[in-house]
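Here's the structure, in structure tokens; my notes come after.
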Amino acid sequence: MSLYTLYVQYAGRPPETKAFDKDVIIIGRDVGDIALFDPQVSGRHAEMRFASGKLVFRDLGSTNGSFTPNGERIYQPLELAIGQAVRVGQSILTVQHIDFPGAVQHRRTMFAHPGMARPAPPAPQAPF
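Just so we're on the same page, the numbering used here is the position in the sequence shown counted from 1, plus 9.
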């Protein structure tokens, strides 16, 4: 099970969905967990860190910076929510899923009263 999922829209390549199950990923030009192959991206451009159910984006002092979709440069760590995006070089990374550890799952268990009859088994199906 992944901790979070990102939709990555690359410059000049088809987009892809990437699921991560580790706490820290590195985003870079040619190497890292997400390699963007973009000359506007630094070798170790940024990181995403997952801790306590929060996903935080941090620029690692890149030359050209990282930006919000509306063009604001990201100087401080930025907590991301589902649907939020950041721009690194010409690529856009959008959060699709975040796993919230300890979150209450909306499930119900139903119990029958002792005197209630069991449901009838399904009718046999005709052979093909």
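All residues carry an ideal CB built from backbone N, CA and C; glycine is no exception. Just so you know, these numbers come straight off a predicted model, no measurement behind them.
**Asked** Can you name the residues that DSSP bridges to LYS63?
**Response** For the purposes of this step, residue 63 is taken as the residue at position 54 of the sequence shown. ALA60, per the DSSP bridge assignment.
**Request:** Please state if the CB of GLN99 and the CB of GLN49 are separated by a distance shorter than 8 Å.
**Result:** For the purposes of this step, residue 49 is identified with residue 40 of the sequence shown, where counting begins at 1. For the purposes of this step, residue 99 is identified with residue 90 of the sequence shown, where counting begins at 1. For GLN49 and GLN99, yes; Cβs fall inside 8 Å.
**Request:** Just mark PHE59 as buried or exposed, buried being the case when its beta carbon has 16 or more other beta carbons within 10 Å.
**Result:** By 1-based counting over the sequence shown, the position of residue 59 is 50. With 16 or more other Cβ atoms within 10 Å, it is buried.
**Prompt:** In terms of residues, what are the limits of the beta strand (DSSP E) holding SER100?
**Reply:** Within the sequence shown, residue 100 is the residue found at index 91, counting from 1. Its beta strand (DSSP E) spans residues 100-107.
**Prompt:** MET57: which of LYS31, GLY92 and ARG38 sits nearest, CA to CA?
**Reply:** Taking the sequence shown and counting its residues from 1, the one referred to as residue 57 is at position 48. Checking every option, the nearest Cα to that of MET57 belongs to LYS31.
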